[in-house]
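Residue numbers (our numbering): 23 to 406.
The beta carbon of each residue, even a glycine, is placed where N, CA and C say it ideally should be.
In what follows, a structure is listed as structure tokens, so that the remarks can point back to it.
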């Protein structure tokens with residue numbers, strides 16, 4: 023059974039989706055435990071789903087590669103087409119790279135068709151270098167970064183170069199943090215030049231389990247080091263974690279709104295608004311009303327969107343390119359709206375001459391664009 027940890031803006035909807043799919047939701051937040059009346063499980067997750075730190079409003083899936091693939095396929099089967107990006111190489115993989123060239127004090131490594139960058143340390147072109155992937159590339163404009171210092175990961179801890187004891191930023195409890203720091207310092211004598219980084223799941227494990235894992239990681243590190251001399255070029259000695267970034271479409275978010283509404287009262291457009299609006303008390307109030315009169319959900323949602331739009335003279339559109347680049351369009355003036363269709367037309371007048379992006383057609387000062395936007399559409403119609 024796939025074990026999924028879920029966090030972020032989409033947590034309630036995706037938890038309902040995961041439970042309906044037969045997945046096991048582990049390490050749930052207190053809010054999720056309360057909403058679903060769950061008997062909490064603190065098993066180690068196969069993957070984590072959370073808000074993206076790369077693209078606002080997107081989802082990050084990170085975990086064991088087989089699990090990430092299975093979960094991605096589930097979302098594609100259920101929700102149809104959406105934009106997504108995969109990591110070029112799993113994070114924290116250990117792989118044999120070949121020095122391709124050296125530029126500006128940086129080593130360019132060939133990892134078998136994938137390039138990685140590493141600080142120069144006296145390497146020569148053609149050298150074989152075992153490396154750890156310390157930063158992978160997910161979006162097209164990102165670079166893979168590698169380090170010659172090896173790192174091995176477990177369920178609860180990672181052995182890291184440098185001799186420090188570190189904690190995951192997701193471990194919040196002061197007592198647990200102090201406990202894990204003390205344990206890490208106690209184990210340091212066994213680690214030589216290595217240190218420990220406690221992963222977030224460590225806060226739920228018994229001390230005996232953590233000590234056993236550190237011992238197993240030391241054995242794993244020794245095995246990895248033994249394999250290096252016999253490994254082939256580009257061979258993956260230790261697979262890391264795969265990452266997928268998903269940009270939900272308007273239709274995807276609308277379906278998540280409806281799924282969330284099966285658990286708690288949810289306004290149509292909830293997820294689209296939450297990722298942009300800083301003050302959400304008005305959403306909470308509207309959803310309180312929907313809870314009181316659930317058969318008026320559509321009417322209340324339309325009234326809410328009308329209220330928001332009527333208070334805005336100018337709006338900005340955010341266009342997400344397949345490269346992950348975000349282009350701001352506007353500000354523009356709303357000149358037409360239809361709240362039954364959840365759609366608007368935005369007027370923009372050009373202030374200077376130039377070329378229309380994507381069309382190659384000259385534009386002059388005073389020319390204008392009309393942009394038709396519908397909440398559920400995956401596209402915007404621009405008329406110039």
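Of the listed residues 402, 154 and 47, nearest to residue 272 (C-alpha basis): 402
Under 7 Å between C-beta atoms of residue 115 and residue 267: no
Alpha-carbon to alpha-carbon, residue 138 and residue 126: 14 Å
Best match in 107, 180 and 27 for proximity to residue 428 [C-alpha to C-alpha]: Look at the range of the chain in this structure, 23 to 406, and you will see that residue 428 is not part of it.
CB contact below 7 Å: residue 152 versus chain C: Of the protein chains in this structure there is only one, and it is not chain C.
DSSP bridge partner residues for residue 70 (one or two, in chain order): 27 and 84
Opening and closing residue of the beta strand (DSSP E) in which residue 290 lies: Neither: residue 290 is in no beta strand (DSSP E) and is coded neither H nor E.
Runs of beta strand (DSSP E) lying entirely within the stretch 138-184, each at least 3 residues, in chain order: 150-157, 166-169 and 179-183
Counted within 10 angstroms of its Cβ, other Cβ atoms place residue 112 as buried (16 or more) or exposed: buried
Beta-carbon proximity check, residue 206 vs residue 185, cutoff 7 Å: no
Whole runs of the beta strand (DSSP E) within the stretch 235-270, excluding any shorter than 3 residues: 258-260 and 264-269
Bridge-paired residues (DSSP) for residue 371: 390
Residue 342: first and last residue of the uninterrupted beta strand (DSSP E) it sits in: 336-342
For residue 129, the first and last residue of its enclosing beta strand (DSSP E): 128-132
Coil, strand or helix - residue 310 by DSSP: helix
Cut-off 7 Å between Cβ atoms - residues of its own chain near residue 169, not counting five sequence neighbours on either side: 140, 153, 154 and 156
Closest Cα partner of residue 142 within the set 130, 148 and 134: 130
Test item: CB-CB of residue 352 and residue 330 under 7 Å: no
Touch test, the stretch 84-103 against the stretch 61-74, Cβ-Cβ under 8 Å, three pairs minimum: yes
Of the listed residues 253, 176 and 213, nearest to residue 224 (C-alpha basis): 176
Bridge partner(s) assigned by DSSP for residue 359: 366
Residue 156 beta carbon near the ligand GDP (any heavy atom closer than 6 Å): Of ligands this structure carries none, so the ligand GDP is not represented either.
Rounded separation between residue 202 and residue 179 - CA only: 11 Å
Collapsed DSSP secondary structure at residue 281 in the structure displayed: helix
Close-in-space but distant-in-sequence residues of the same chain around residue 174 (CB under 6 Å, 5 per side omitted): 181, 239, 242 and 243
Cβ-Cβ separation, residue 38 to residue 281 (assumed contact under 8 Å), whole Å: 5 Å
In DSSP terms, what residue 405 is bridged to: 392
Residue 256 versus residue 128: straight-line alpha-carbon distance, rounded: 19 Å
Residue 321 - containing alpha helix (DSSP H), residue span: 319-332
Own chain, CB closer than 6 Å to residue 398, minus 5 neighbours either side, in chain order: 272, 273 and 276
Integer-rounded CB distance, given that residue 291 should sit under 8 Å from residue 162: Their Cβ separation, rounded to whole angstroms, is 30 Å, which puts residue 162 and residue 291 out of contact at 8 Å.
Where residue 309 falls, given that 16 or more other Cβ within 10 Å makes a residue buried: buried
Closest Cα partner of residue 52 within the set 183, 63, 293 and 46: 63
Integer Cβ distance of residue 144 from residue 132, believed to fall under 8 Å: Residue 144 to residue 132, Cβ: 18 Å. No contact.
Close beta carbons around residue 279, own chain, < 7 Å, minus the five adjacent residues each side: 288, 290, 291, 292 and 293
One or two residues paired with residue 275 in a DSSP bridge: Its beta-bridge partners do not exist; DSSP assigns none.
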